[in-house]
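Written out below as structure tokens is the structure these notes cover.
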Amino acid sequence: MRLFELSTREATAIRNSVDKYKLKQWGFVIFRCTYKSQEKWDQFISLMKEHASDYFEWRDMEDLYASMVWTIIEDAETLEGASLATTAQKFVEWVEGPEGRQDREGSLFDADDAPPVYGPRYTFYLHADEESLESVVDDAKAREAGGYFCKAVRADMALAAEQERQEEGGDPAEELGLEDEEEELVDVRKRVKLDKLVPVYEYVLDTNSWYHLFMEDGVVDI
Numbered sequence: 014m015r016l017f018e019l020s021t022r023e024a025t026a027i028r029n030s031v032d033k034y035k036l037k038q039w040g041f042v043i044f045r046c047t048y049k050s051q052e053k054w055d056q057f058i059s060l061m062k063e064h065a066s067d068y069f070e071w072r073d074m075e076d077l078y079a080s081m082v083w084t085i086i087e088d089a090e091t092l093e094g095a096s097l098a099t100t101a102q103k104f105v106e107w108v109e110g111p112e113g114r115q116d117r118e119g120s121l122f123d124a125d126d127a128p129p130v131y132g133p134r135y136t137f138y139l140h141a142d143e144e145s146l147e148s149v150v151d152d153a154k155a156r157e158a159g160g161y162f163c164k165a166v167r168a169d170m171a172l173a174a175e176q177e178r179q180e181e182g183g184d185p186a187e188e189l190g191l192e193d194e195e196e197e198l199v200d201v202r203k204r205v206k207l208d209k210l211v212p213v214y215e216y217v218l219d220t221n222s223w224y225h226l227f228m229e230d231g232v233v234d235i
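Positions 14 to 235 (this note's numbering) are the ones given, in order, by the sequence shown.
Quick look at the structure:
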């Protein structure tokens, strides 16, 4: 027996969005950008799924979790240590390619006269790199105020930032990377607590809300 009732507002908003656009699934696409340890990767993904599963179980909304798809894109040869620009381009290719079209088959986005594809699943993705993994699987780092995170990226902003960098004379071989200053990346990439992915997904159902996500200690925690 629960001592208090948890709010279902966020989950209901996601359900309403899925129904409105007749989507079969929802959830962030994940790019694996580190291959140093399969054990750490498995632990990272397991915790990510566990947090999401618990979120819906505690609200008696497991049916919505059942339509949450964990699309993980892996390729050690091209994604090991990949930059934001690289994963952003590959994400756009996924959205516009056969896999992305199949992903939204039967939805309101699946028609010749369909509106532009948007919404969290087709606008943002998770860039899972070594720093993200270590912030979760390393107990000391996970306990830090700015630890226990994954990185959410807005693809169009990542590509725009990379184009601007090149137009300003940047070396094409040195793409926009994770070492850039935080103020330059704030509209491109945000660190999100691993257990807050569902609330963040709901928050960016209006994709412009991305720019208003509250950050503390460099991490979104809503």
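We put the CB at the ideal spot given by N, CA and C, even for glycine. Everything numeric in this text was worked out from a predicted model, so none of it was measured.
With a cut-off of 8 Å on Cβ pairs, the segment 119-132 is not in contact with the segment 204-215, counting fewer than three such pairs. Less than 8 Å separates the beta-carbon of F137 from that of V166. The Cβ-Cβ distance between R117 and L36 falls below 8 Å. Between the C-alpha atoms of D200 and S222 there is a straight-line separation of about 11 Å. Residue pairing by DSSP puts Y138 in a beta bridge opposite V42 and V166. Remark: C-beta atoms of L77 and A24 approach each other more closely than 8 Å. The way I'd put it, the segment 149-157 doesn't touch the segment 67-76; fewer than three beta-carbon pairs between them come closer than 8 Å.
For K62, the enclosing alpha helix (DSSP H) covers residues Q51 to E70. Annotation: the continuous beta strand (DSSP E) that includes K206 extends over R202 to K206. Taking 8 Å as the cut-off, the Cβ atoms of C46 and A95 count as close. The beta-carbon separation of A171 and L97, rounded to 5 Å, stays under the 8 Å limit for a contact. The shortest C-alpha to C-alpha distance from K53 to any of L210, R134, S145 and K33 is the one to S145. As far as DSSP is concerned, E177 takes part in no beta bridge. Sequence-distant Cβ neighbours of E215 in its own chain, meaning closer than 7 Å and more than five residues away, are E23, A26 and I27. Only residues of its own chain outside the window of five on either side were considered, and among them W39 and S80 have a CB closer than 7 Å to the CB of V31, listed in chain order.
Look at I235 here: in three-state DSSP terms it is coil, with no helix or strand label.
Under DSSP, M228 takes part in a beta bridge, and its partners are V233.
Membership of N29 in the alpha helix (DSSP H) is indicated by the continuous run R22 to K33. For M74, DSSP assigns no beta-bridge partner whatsoever.
Taking all protein chains shown into account, R156 has fewer than 16 neighbouring C-beta atoms within 10 Å of its C-beta and is therefore exposed.
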